[in-house]
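Below is one structure; the comments refer to it alone.
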Amino acid sequence: MNSLSGWIVFSILTFVCVGCGTKTYEDRLEFTTTYFDFIDRLNQNLSPQFMKDGVTIRIPKQLTEIPAPPPRPKSSEEDEPPQVDPRQPTFVEMELPGMSAAWKANLTTVDASGATSSETGYLYLLTNYDYWRTFKTKDEIGDPLKFHEDVLNDMVDALQVVIDEKKSGTATDRVNKWFHETVPEPKDEKFAPPKEFTTITLVPEEPAEDGLARQYQVYLYQNGDMRMALVYALPRNVSAGEELENRILLSLQTVDLSTEKPAVKRAPAQPAPNGNGAPAASPETPAATTPSASPF
(Lines of atoms letter the chains of each structure in order from A and count residues from 1; the text may use other names and numbers.)
(Lines give C-alpha, C1' and ligand atoms only; values in the text may rest on other atoms or scores of the structure.)
Protein backbone atom coordinates (compact mmCIF):
# COMPACT_ATOMS: atom_id res chain seq x y z
CA MET A 1 0.00 0.00 0.00
CA ASN A 2 1.50 3.37 -0.97
CA SER A 3 1.44 6.42 1.29
CA LEU A 4 -1.60 8.01 -0.39
CA SER A 5 -3.72 4.86 -0.01
CA GLY A 6 -2.55 4.42 3.58
CA TRP A 7 -3.39 8.04 4.38
CA ILE A 8 -6.91 7.68 2.97
CA VAL A 9 -7.59 4.50 4.94
CA PHE A 10 -6.22 6.09 8.14
CA SER A 11 -8.37 9.21 7.63
CA ILE A 12 -11.55 7.20 7.11
CA LEU A 13 -10.96 4.93 10.10
CA THR A 14 -10.10 7.87 12.33
CA PHE A 15 -13.20 9.79 11.30
CA VAL A 16 -15.48 6.78 11.72
CA CYS A 17 -14.12 6.00 15.19
CA VAL A 18 -14.56 9.59 16.32
CA GLY A 19 -17.97 9.65 14.74
CA CYS A 20 -19.14 6.70 16.81
CA GLY A 21 -19.33 8.88 19.87
CA THR A 22 -19.59 12.50 18.80
CA LYS A 23 -20.47 12.94 15.16
CA THR A 24 -23.88 12.87 13.66
CA TYR A 25 -25.00 10.71 10.78
CA GLU A 26 -25.07 13.82 8.59
CA ASP A 27 -21.43 14.59 9.40
CA ARG A 28 -20.33 11.08 8.47
CA LEU A 29 -22.36 11.20 5.29
CA GLU A 30 -20.78 14.52 4.31
CA PHE A 31 -17.28 13.11 4.95
CA THR A 32 -17.99 10.04 2.81
CA THR A 33 -19.43 12.18 0.02
CA THR A 34 -16.37 14.44 0.07
CA TYR A 35 -14.05 11.43 -0.03
CA PHE A 36 -15.73 9.93 -3.08
CA ASP A 37 -15.69 13.35 -4.75
CA PHE A 38 -11.91 13.40 -4.21
CA ILE A 39 -11.52 9.93 -5.76
CA ASP A 40 -13.77 10.92 -8.66
CA ARG A 41 -11.66 14.04 -9.36
CA LEU A 42 -8.52 11.90 -9.46
CA ASN A 43 -10.11 9.41 -11.83
CA GLN A 44 -11.57 12.11 -14.09
CA ASN A 45 -8.28 13.98 -14.44
CA LEU A 46 -5.46 11.46 -14.03
CA SER A 47 -4.30 8.22 -15.64
CA PRO A 48 -4.02 4.97 -13.66
CA GLN A 49 -1.12 4.55 -11.26
CA PHE A 50 2.37 4.37 -12.79
CA MET A 51 5.25 2.75 -10.88
CA LYS A 52 8.95 2.68 -11.76
CA ASP A 53 12.35 3.18 -10.10
CA GLY A 54 10.83 3.72 -6.67
CA VAL A 55 8.31 6.31 -7.88
CA THR A 56 4.53 5.95 -7.81
CA ILE A 57 2.49 8.62 -9.60
CA ARG A 58 -0.72 9.28 -11.52
CA ILE A 59 -0.12 11.68 -14.41
CA PRO A 60 -2.49 14.07 -16.26
CA LYS A 61 -4.91 12.05 -18.33
CA GLN A 62 -4.12 13.48 -21.77
CA LEU A 63 -0.50 12.29 -21.65
CA THR A 64 0.58 9.00 -23.27
CA GLU A 65 3.83 7.21 -22.50
CA ILE A 66 6.77 7.31 -24.92
CA PRO A 67 8.29 3.80 -25.16
CA ALA A 68 11.76 3.27 -23.72
CA PRO A 69 14.48 1.92 -26.01
CA PRO A 70 14.75 -1.90 -26.09
CA PRO A 71 17.32 -3.45 -23.74
CA ARG A 72 20.77 -3.73 -25.27
CA PRO A 73 21.70 -7.40 -25.95
CA LYS A 74 24.16 -8.80 -23.42
CA SER A 75 26.46 -9.74 -26.29
CA SER A 76 26.86 -6.10 -27.40
CA GLU A 77 30.39 -4.79 -27.64
CA GLU A 78 31.42 -2.05 -25.22
CA ASP A 79 32.64 0.18 -28.04
CA GLU A 80 29.25 0.20 -29.79
CA PRO A 81 27.65 3.66 -30.01
CA PRO A 82 25.09 4.38 -27.27
CA GLN A 83 21.45 3.71 -28.00
CA VAL A 84 19.22 6.58 -29.03
CA ASP A 85 16.63 7.11 -26.31
CA PRO A 86 13.36 8.26 -27.96
CA ARG A 87 12.23 9.67 -24.61
CA GLN A 88 14.90 12.39 -24.65
CA PRO A 89 13.96 15.84 -26.04
CA THR A 90 14.42 16.20 -29.79
CA PHE A 91 13.31 19.84 -30.05
CA VAL A 92 16.30 21.19 -28.11
CA GLU A 93 19.89 20.02 -27.74
CA MET A 94 19.54 18.72 -24.20
CA GLU A 95 19.97 15.29 -22.63
CA LEU A 96 18.12 15.00 -19.34
CA PRO A 97 19.89 12.92 -16.66
CA GLY A 98 18.25 10.00 -14.86
CA MET A 99 15.54 9.38 -17.46
CA SER A 100 12.98 6.97 -15.97
CA ALA A 101 9.93 7.65 -18.16
CA ALA A 102 8.46 10.22 -20.54
CA TRP A 103 5.02 11.10 -21.87
CA LYS A 104 3.62 13.43 -24.53
CA ALA A 105 0.28 14.95 -25.50
CA ASN A 106 -1.22 17.13 -28.21
CA LEU A 107 -2.32 20.29 -26.43
CA THR A 108 -4.56 23.08 -27.64
CA THR A 109 -2.89 26.50 -27.52
CA VAL A 110 -4.44 29.94 -27.93
CA ASP A 111 -2.54 32.90 -29.42
CA ALA A 112 -3.08 36.61 -28.76
CA SER A 113 -5.75 36.84 -31.47
CA GLY A 114 -7.72 33.94 -29.98
CA ALA A 115 -6.78 31.52 -32.75
CA THR A 116 -6.17 27.96 -31.61
CA SER A 117 -3.65 25.37 -32.72
CA SER A 118 -2.36 21.99 -31.56
CA GLU A 119 1.17 21.65 -30.20
CA THR A 120 2.99 18.84 -28.40
CA GLY A 121 3.78 18.97 -24.70
CA TYR A 122 6.00 16.57 -22.78
CA LEU A 123 6.48 15.25 -19.26
CA TYR A 124 9.78 13.73 -18.13
CA LEU A 125 10.22 11.69 -14.95
CA LEU A 126 13.85 11.84 -13.82
CA THR A 127 15.30 9.99 -10.82
CA ASN A 128 18.66 9.24 -9.18
CA TYR A 129 17.82 5.51 -9.27
CA ASP A 130 20.52 4.65 -11.82
CA TYR A 131 22.93 6.99 -10.05
CA TRP A 132 22.72 4.68 -7.03
CA ARG A 133 22.91 1.53 -9.19
CA THR A 134 26.23 2.67 -10.68
CA PHE A 135 27.63 4.53 -7.67
CA LYS A 136 31.38 3.87 -7.17
CA THR A 137 31.57 1.56 -10.19
CA LYS A 138 33.29 2.11 -13.55
CA ASP A 139 29.88 3.12 -14.95
CA GLU A 140 29.23 5.77 -12.29
CA ILE A 141 26.94 8.52 -13.61
CA GLY A 142 27.42 11.00 -10.80
CA ASP A 143 26.82 11.72 -7.12
CA PRO A 144 23.27 10.52 -6.29
CA LEU A 145 22.86 13.23 -3.66
CA LYS A 146 23.66 15.95 -6.20
CA PHE A 147 21.12 14.71 -8.73
CA HIS A 148 18.94 17.82 -8.53
CA GLU A 149 21.95 20.01 -9.23
CA ASP A 150 22.75 17.89 -12.30
CA VAL A 151 19.20 18.29 -13.63
CA LEU A 152 19.14 22.07 -13.19
CA ASN A 153 22.68 22.66 -14.42
CA ASP A 154 22.05 20.65 -17.60
CA MET A 155 18.77 22.44 -18.27
CA VAL A 156 20.08 25.93 -17.54
CA ASP A 157 23.09 25.37 -19.80
CA ALA A 158 21.02 23.94 -22.65
CA LEU A 159 18.25 26.55 -22.46
CA GLN A 160 20.56 29.50 -21.76
CA VAL A 161 18.42 30.64 -18.85
CA VAL A 162 19.57 32.85 -15.97
CA ILE A 163 17.92 31.99 -12.64
CA ASP A 164 17.04 34.97 -10.46
CA GLU A 165 18.53 33.85 -7.13
CA LYS A 166 17.67 37.14 -5.37
CA LYS A 167 13.90 36.86 -5.70
CA SER A 168 11.50 34.15 -4.62
CA GLY A 169 8.69 33.07 -6.88
CA THR A 170 5.00 33.06 -6.06
CA ALA A 171 2.11 30.76 -6.82
CA THR A 172 1.40 32.81 -9.96
CA ASP A 173 4.92 33.91 -10.94
CA ARG A 174 7.82 31.49 -10.72
CA VAL A 175 9.46 32.32 -14.05
CA ASN A 176 13.19 31.69 -13.53
CA LYS A 177 12.62 31.98 -9.76
CA TRP A 178 12.40 29.33 -7.03
CA PHE A 179 9.12 28.57 -5.29
CA HIS A 180 7.98 25.94 -2.78
CA GLU A 181 4.77 24.21 -3.88
CA THR A 182 2.85 22.49 -1.09
CA VAL A 183 0.11 19.98 -1.83
CA PRO A 184 -2.68 19.10 -1.31
CA GLU A 185 -5.14 21.97 -1.22
CA PRO A 186 -6.86 22.44 2.16
CA LYS A 187 -10.03 20.72 0.93
CA ASP A 188 -8.06 17.52 0.23
CA GLU A 189 -5.90 17.44 3.36
CA LYS A 190 -8.01 14.65 4.88
CA PHE A 191 -7.27 12.34 1.94
CA ALA A 192 -3.66 13.00 0.86
CA PRO A 193 -0.50 13.36 2.98
CA PRO A 194 1.18 16.79 2.72
CA LYS A 195 4.34 17.10 0.65
CA GLU A 196 6.47 19.97 -0.61
CA PHE A 197 8.09 20.37 -4.03
CA THR A 198 10.82 22.83 -4.92
CA THR A 199 9.69 24.30 -8.23
CA ILE A 200 10.80 26.68 -10.94
CA THR A 201 9.54 27.54 -14.42
CA LEU A 202 12.41 28.00 -16.86
CA VAL A 203 11.51 30.28 -19.77
CA PRO A 204 14.22 30.73 -22.44
CA GLU A 205 14.39 33.99 -24.35
CA GLU A 206 14.76 32.15 -27.65
CA PRO A 207 12.33 29.52 -29.01
CA ALA A 208 13.42 25.89 -29.33
CA GLU A 209 15.04 24.49 -32.48
CA ASP A 210 11.60 23.63 -33.88
CA GLY A 211 10.55 27.28 -33.55
CA LEU A 212 8.01 26.69 -30.76
CA ALA A 213 8.17 28.89 -27.66
CA ARG A 214 8.13 26.62 -24.62
CA GLN A 215 8.33 26.84 -20.87
CA TYR A 216 9.80 24.16 -18.62
CA GLN A 217 7.98 23.58 -15.34
CA VAL A 218 10.32 21.73 -12.98
CA TYR A 219 9.19 20.03 -9.75
CA LEU A 220 11.93 18.64 -7.48
CA TYR A 221 11.18 16.19 -4.66
CA GLN A 222 13.29 14.13 -2.29
CA ASN A 223 12.72 11.44 0.33
CA GLY A 224 15.72 10.29 2.32
CA ASP A 225 18.56 9.74 -0.16
CA MET A 226 16.26 9.33 -3.15
CA ARG A 227 15.63 12.20 -5.56
CA MET A 228 13.18 12.76 -8.40
CA ALA A 229 12.26 15.54 -10.80
CA LEU A 230 9.18 16.10 -12.93
CA VAL A 231 9.84 18.30 -15.97
CA TYR A 232 6.88 19.55 -18.00
CA ALA A 233 8.07 20.94 -21.35
CA LEU A 234 4.98 22.79 -22.51
CA PRO A 235 4.04 25.20 -25.28
CA ARG A 236 3.19 28.62 -23.92
CA ASN A 237 -0.43 29.71 -23.80
CA VAL A 238 -1.92 26.25 -23.33
CA SER A 239 -5.71 26.52 -23.46
CA ALA A 240 -7.46 26.61 -20.09
CA GLY A 241 -9.75 23.94 -21.51
CA GLU A 242 -6.91 21.43 -21.15
CA GLU A 243 -7.23 21.73 -17.34
CA LEU A 244 -3.50 21.06 -17.26
CA GLU A 245 -2.46 23.22 -14.30
CA ASN A 246 -5.21 21.72 -12.14
CA ARG A 247 -4.23 18.23 -13.26
CA ILE A 248 -0.56 18.83 -12.50
CA LEU A 249 -1.43 19.80 -8.91
CA LEU A 250 -3.64 16.73 -8.55
CA SER A 251 -0.84 14.58 -9.96
CA LEU A 252 1.63 15.96 -7.41
CA GLN A 253 -0.70 14.78 -4.64
CA THR A 254 -0.31 11.19 -5.85
CA VAL A 255 3.50 11.17 -5.85
CA ASP A 256 5.13 8.58 -3.61
CA LEU A 257 8.93 8.19 -3.58
CA SER A 258 10.45 5.17 -1.84
CA THR A 259 13.42 5.76 0.46
CA GLU A 260 14.90 2.37 -0.47
CA LYS A 261 18.07 2.69 -2.52
CA PRO A 262 18.52 0.13 -5.32
CA ALA A 263 21.30 -2.44 -5.14
CA VAL A 264 24.51 -1.52 -6.91
CA LYS A 265 24.72 -3.07 -10.37
CA ARG A 266 27.46 -5.68 -10.15
CA ALA A 267 29.92 -6.22 -12.97
CA PRO A 268 30.10 -9.72 -14.48
CA ALA A 269 32.71 -12.03 -12.98
CA GLN A 270 36.17 -11.60 -14.51
CA PRO A 271 38.48 -14.58 -15.19
CA ALA A 272 41.16 -14.99 -12.53
CA PRO A 273 44.82 -15.54 -13.53
CA ASN A 274 44.35 -19.30 -13.07
CA GLY A 275 41.42 -19.24 -15.48
CA ASN A 276 38.71 -19.63 -12.86
CA GLY A 277 35.91 -17.11 -12.60
CA ALA A 278 36.12 -14.76 -9.67
CA PRO A 279 33.39 -12.46 -8.44
CA ALA A 280 33.98 -8.76 -8.94
CA ALA A 281 34.68 -6.74 -5.86
CA SER A 282 31.55 -4.98 -4.69
CA PRO A 283 31.78 -1.21 -4.28
CA GLU A 284 31.41 0.36 -0.91
CA THR A 285 27.78 1.02 -0.02
CA PRO A 286 27.33 4.72 0.73
CA ALA A 287 25.92 5.62 4.09
CA ALA A 288 22.54 7.27 4.39
CA THR A 289 22.62 11.04 4.68
CA THR A 290 20.22 13.64 5.96
CA PRO A 291 18.58 15.68 3.16
CA SER A 292 20.00 19.17 2.80
CA ALA A 293 17.95 22.15 3.92
CA SER A 294 18.75 23.91 0.62
CA PRO A 295 16.45 23.67 -2.44
CA PHE A 296 18.46 20.59 -3.39
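Residue numbers are given in the UniProt record's numbering: position 10 of the sequence shown equals residue 10, and the series is strictly consecutive.
Don't be surprised by glycine CBs; every beta carbon is placed ideally from N, CA and C.
Query                                                                                                                                                      : Result
Using three-state DSSP, classify A101 as helix, strand or coil.                                                                                            : strand
G121 to K146, Cα distance in whole Å?                                                                                                                      : 27 Å
Measuring alpha carbon to alpha carbon, tell me which of G224, W132, D111 and K138 ends up nearest P97.                                                    : W132
Would you report the Cα separation of L230 and M94, rounded to the nearest angstrom?                                                                       : 16 Å
To the nearest angstrom, how far is it from the Cα of A240 to the Cα of F31?                                                                               : 30 Å
May I have the straight-line CA-CA distance separating T127 from F179, to the nearest angstrom?                                                            : 20 Å
According to the neighbour-count rule (16 or more other Cβ atoms, all chains shown, within 10 Å of its Cβ), is Q44 buried or exposed?                      : exposed
Can you tell me whether DSSP reads I39 as helix, strand or coil?                                                                                           : helix
Does DSSP put V183 in a helix, a strand or coil?                                                                                                           : strand
Let me know the secondary structure DSSP gives K52 once reduced to three states.                                                                           : strand
Should the region 161-175 be called in touch with the region 253-261, which here means at least 3 C-beta pairs below 8 Å?                                  : no
Per DSSP, Q222 is paired with what?                                                                                                                        : R227
Note down, in chain order, each residue of its chain lying with its Cβ closer than 6 Å to the Cβ of Q217, except the 5 sequence neighbours on either side. : T201 and Y232
Tell me the start and end of each unbroken beta strand (DSSP E) in the region 116-174 that is at least 3 residues and wholly inside, in chain order.       : 116-127
Could you check where the alpha helix (DSSP H) with E196 kicks off and where it finishes?                                                                  : Element bounds for E196: not the alpha helix (DSSP H) but the beta strand (DSSP E), K195 to L202.
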